[in-house]
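Enquirer:
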Amino acid sequence: MPHDEYRTIDFFSQEALPVPQVTPAQAEGIAAQCFGMSAHAEALGSQQDANFLLCDEDGTALAILKIANPAFSPTEIEAQDTAAELIAAAHPELRIATVLRHPDGSPYCTTVDTESGPAIARLLRYLPGGALSGPRHLSPGTVAAMGTIVGKVSTALRDFHHPGLERVLQWDLRHADRVVAKLAEHIDEPDGRAAVQAATADAWARVQQLAAVLPSQAVHLDLTDDNLICSPDHRLPVPDGVIDFGDVTTSWAVGELAVSLSSMLHHDGVEPHHLLPAVRAFHAVRSLSPEEAEALWPLVVLRAAGLVASGRHQAAVDEDNAYAKAALDREWHIFEQATRLPLPVMVHLIKDAIGLADVPARADSPAHFLVRGLAADDITLLDLSTGADSMDHGAWLEAGTEDRLAASALADGAAAVATRYAHPRLTQAPALSAVSAPTVPTGIDLWLGRPDVAQAPAAGKVLAAAPGRVEITYGPRTLTLSFPRTVHPVVSTGSTVQAGEDLAHLPSGTPLHLALRNTDGPSVPATVRPEYAAGWLALTADPAPLIGLRATDRAQDRDLLDRRDAVFATVQEHYYTEPPRIERGWRHHLLSTDGRSYLDIVNNVTPLGHGHPRVERAVSRQLRRLNTNSRFHYASVVEFTERLADLLPAPLDTVFLVNSGSEAVDLGLRLAIGASGQHDVVALREAYHGWTYASDAVSTSLQDNPNALATRPGWVHTVDSPNSYRGLHRGADALRYGPEAAAVIDELAASGRPAGAFLSETFYGNAGGVALPDGYLAEVYAAVRRHGGLAVADEVQVGYGRLGHWFWGFEQQQVVPDVVCVAKAMGNGHPLGAVITSKSVADRYREQGYFFSSTGGSPVSSVVGLTVLDTLRDEDLQGNAVRVGGLLKSRLEALADRYGIIGAVHGSGLYLGLELVRDRVTLEPATEETAELCDRVLDLGVIVQPTGDHLNILKIKPPLCIDTTAVDFFVDMLDHALAQLGHSR
């Protein structure tokens, strides 16, 4: 049938739109005969058109040959090409698949015969980089980038008008109800069909309430993961290209975003709340009206329902369409995700995300308080938050903690105990979980210390009454009382009650749960996950006023990060772009104010674990007695320094106490320079030692200071990083590092500038826990000593038993330094550092003046130091580093066998490094991939960070108390994340 130039498609008048039947050979013929292009054609999948990638003999992509469905007219094709060129002109930073044109400006476009009838064929610009298609997890940055592109396309097409836009497409959400009604019969599963029909009816009803005020405009209508192309210049999926304008039409503007959002829902690990960065990004480019925000998620549901119905229809009418059949499971998963939460929850969540949240509902003041004999002054509030003292010592992990705490308060004389609405409860958080737990309460719990009566707070209707439960109307809301099933209400379902009328008689000790929800809304769980709390809480009100208490202030400290940046020097960076707010730690767990528990894999500052009771008691006891400076005479500083010196071999018998590792290294260098009388220092490249003038001067880590090597003072000389994995000499050749470093030291002496000190970590911590080559320190120490210098060992990160088999890193090298610098682990989070040397070296320091640290050797610091040493010994934490660290390393090595991106597993004990590379031969660092992995495992409940000059090594240095269960969880989450991010052998 010849094309009617001005005809446009009407889906409902078509029986079906099968893809034009064109083989690759036929496509090659079309390219040659119609466009004069000799090329190899590779078929690309499509729902309704035939698409081919055209390449020359060497495989270079030339163009896309697109053969439109015969149902599409020339005017529709012209509208598509014009829309593409409008966007390209408006946003040159985006790559757009525009039609290719002859020198005279005419398009490469013609009509060809196919088995399905005449069809329009044209050549389009090929965009390299690949689509976002497939199951790969989408990071927040990728999701936001998708939202930004959708916003830019929407603004570019806002004023575009064309006759070819006046189409009736099955993908136009203005017709979603009709599409599902027409195609639902193709959903074979009765339950699935019923679910799609019910979801469509609900969503359509909500959209129709807003339809009259939803703006319409030209839309691309298919800005999905299949049609957003990744930049070839980025290692991670960052879209910057747009293809496939075949669905360009006029529709609701907000539908553009709904279509894109729906396509994200099938990706591994993506659930509805992960889409909010796209919504915010779109809103930043093209503001959503309140009505559009209300309509957005119902439109996502309609899109999902349409995908399921249309996909099954297309697979039925176009049996040879492998593309359509392959999408069926993906489309069903999109639908499941789109409908996993009630529509009102997602609507309110979206409004909250873009600053359009409704004012929180307030419960009306009751005519009578709900519990007859209870006054507000009689009620004790039970704080179950991360900051509550009652959560100390891991109480949040104990079963029955809430009941125990309530019983204790009642025993102390409280008439009743109540929890707080909307305040996350740490007691609801499991220790290790790949998803957040429902920790945010949508009501309050109340424990009664004496018999009492639940009475109607106002006149209302009894909606339900059964053992253990009463529901009555309370204004526009439903009040639910839940109590033990042994308690029977004294009212019946359907009856009317007056204010003050008895509802149930409550024995002493009865626990109640009170909740207020919108009567016309969905049922609300007693606790909800924090990511969705804003959506659920908008459907509820705080019932506290019904028992005489003030309503909870739900204002959140959302600007805390901005306040930090305003007054806290930003060079003092924080982990993560959107960091969780951590306000508690326990053992190897970190707890956020949302009630999320994270496994701490990065904190070598607290070897005993967070919140150790023994340290807490020791500090508290000493603070009650005395805390002053070390010029006073007291026992703890003597006992601590004796213990510390006993841990080191002769002649290291004299201790200086300071506050940090930076100060320890700084002092260690001054001691060496003072004792030797030689001011030059030799240090390793790619090392970090601190922030003071001297410790920074010898720090050569390019990540900490990109100009480190170029800005070193003249007295600092560097030698090659003795990295046996990625250094100049690798594997067995790493033995060359020692002689080469010794030669540098010899050359300095020969030039008249003998080194006063050689400084290095004894186990290469900054490189991710790489062991120094055998004999390295022995050779270098001998070199510096034969020229009158001293060997300074930086044990700040690796010392104190972390390596497992050795308490000190220098023991692995079978050497004894002249000066040892240590910190971090010494105080379990308390600022404490030390320098240990021989008495002869220490005495030479007097020639430079005197030494004093106000708090380095204070009574509190000394007691902390002693307590840490006692606990390391008594809990056998060095032995734990051997046992658990060995298990962890073996599991990481097994992971490396499965994922090619893992280049090496470094380290010993519980100082390990997982190095990620793009190629195991070239060792190209996988820097961006490492950052993305850290973000993904954070979402899975693990805190880990990158290290190394290329930030491509996961630094694995958890508290030494970590157990095998936690180690298994960590590796399982790494495995999960690596798979979700598309890594494989």
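Residue numbering for the sequence shown is 189 to 1173, as defined by my numbering.
The beta carbon of each residue, even a glycine, is placed where N, CA and C say it ideally should be.
Return the first residue and the last residue of the alpha helix (DSSP H) that L1166 is part of.
Expert: 1152 to 1168
Enquirer: How many angstroms separate the CA atom of Q221 from the CA atom of T263?
Expert: 24 Å
Enquirer: Measure the Cβ-Cβ separation of L424 and S327 and say whether it is below 8 Å.
Expert: yes
Enquirer: Rounded to a whole number of angstroms, what is the C-alpha to C-alpha distance between Y822 and R813?
Expert: Taking the Cα positions, Y822 is about 12 Å away from R813.
Enquirer: Can V407 and E479 be called in contact, C-beta distance under 8 Å?
Expert: no
Enquirer: Do G1177 and V367 have their C-beta atoms closer together than 8 Å?
Expert: Since the displayed the chain opens at 189 and closes at 1173, residue 1177 lies outside it and no answer follows.
Enquirer: Taking the alpha-carbon positions, what's the H191 to G305 distance?
Expert: Because the pLDDT of H191 is 48, which lies under 50, any placement of that residue in the model is unreliable, and the number read from its coordinates should be weighed accordingly. Those two C-alpha atoms are separated by around 10 Å.
Enquirer: Given M189, which residues of its chain have a CB within under 6 Å of its CB, disregarding the five upstream and five downstream residues?
Expert: Residue confidence for M189 is low, a pLDDT of 38 falling below 50, so the modelled location carries little weight and cannot support an answer.
Enquirer: Residues in its own chain within less than 6 Å of Q1168 by CB, not counting five upstream and five downstream?
Expert: If you ignore the 5 residues before and after Q1168, its C-beta comes within less than 6 Å of the C-beta of H325, D456, G457, all in its own chain and listed in chain order.
Enquirer: Please list, in chain order, all residues of the same chain as L583 whose beta carbon is under 7 Å from its beta carbon, the five residues on each side excluded.
Expert: Correcting the residue type first, residue 583 is Ala in the shown sequence and not Leu. Cβ neighbours of A583 beyond the five flanking positions: T589.
Enquirer: Looking at S439: is its Cβ nearer than 8 Å to the Cβ of T412?
Expert: no
Enquirer: What are the start and end residues of each continuous beta strand (DSSP E) run of 3 or more residues lying completely inside the region 573 to 627, in chain order?
Expert: 604 to 606
Enquirer: Between which two residues does the alpha helix (DSSP H) holding F828 run?
Expert: Segment 823 to 834, the alpha helix (DSSP H) holding F828.
Enquirer: Following the continuous alpha helix (DSSP H) through N1068, name the residue where it begins and the one where it ends.
Expert: 1065 to 1084
Enquirer: Going along the chain, which residues of its own chain have a beta-carbon closer than 7 Å to the beta-carbon of Q385, five neighbours each way excluded?
Expert: So the qualifying residues of the chain are V368, A372.
Enquirer: With a threshold of 16 other CB atoms inside 10 Å of the CB of L282, please say whether the residue is buried or exposed.
Expert: buried
Enquirer: Could you tell me if V1159 is buried or exposed, where buried requires 16 or more neighbouring beta carbons within 10 angstroms of its beta carbon?
Expert: buried
Enquirer: Are there 16 or more other CB atoms within 10 angstroms of the CB of Q686, so buried, or fewer, so exposed?
Expert: exposed
Enquirer: G940 to V869, Cα distance in whole Å?
Expert: Their Cα atoms are separated by approximately 13 Å.
Enquirer: Can you name the start and end residues of the beta strand (DSSP E) that D690 belongs to?
Expert: 690 to 694
Enquirer: Return the residue from the list F1040, V1007, L897, L702 that minimises the CA-CA distance to N817.
Expert: F1040
Enquirer: Taking the Cβ atom as the reference point for each residue, do R858 and Q1036 lie within a distance shorter than 8 Å?
Expert: yes
Enquirer: Distance check for E1081 and H1171, CA to CA, integer angstroms please.
Expert: 16 Å
Enquirer: Measure the alpha-carbon distance for V505 versus P1113 and round it to whole angstroms.
Expert: For V505 and P1113, the distance between alpha carbons rounds to 49 Å.
Enquirer: To which residues does DSSP link P629 through a beta bridge?
Expert: T715.
Enquirer: Can you give me the C-alpha to C-alpha distance between P618 and V678, rounded to a whole angstrom?
Expert: If you take the alpha carbons of P618 and V678, they lie about 38 Å apart.
Enquirer: From which residue to which residue does the beta strand (DSSP E) around S785 run?
Expert: 785 to 788
Enquirer: Short check: CB of S683 to CB of V650, under 8 Å?
Expert: yes
Enquirer: Does P655 pass the burial test, meaning 16 or more other C-beta atoms within 10 Å, or should it be called exposed?
Expert: exposed
Enquirer: Is A215 buried or exposed, if buried means 16 or more other CB atoms sit within 10 Å of its CB?
Expert: buried
Enquirer: Look up A140 in the DSSP assignment and give the residues it is bridged to.
Expert: The requested residue 140 is not part of the displayed model; the chain covers only 189 to 1173.
Enquirer: I need the straight-line Cα distance from L487 to L1142, nearest angstrom please.
Expert: 41 Å
Enquirer: Taking 7 Å as the cut-off, does the CB of H455 come closer than this to any heavy atom belonging to the ligand GDP?
Expert: In the structure shown, the ligand GDP is absent, as is every other ligand, since no ligand is present at all.
Enquirer: Can you grab the Cα-Cα spacing for the pair S948 / G856, in whole Å?
Expert: 12 Å
Enquirer: Tell me which residue opens and which closes the beta strand (DSSP E) that D246 is part of.
Expert: That residue, D246, is in no beta strand (DSSP E); it is neither H nor E in DSSP.
Enquirer: Tell me, which residues are paired with P208 by DSSP?
Expert: In DSSP, P208 forms no bridge with anything.
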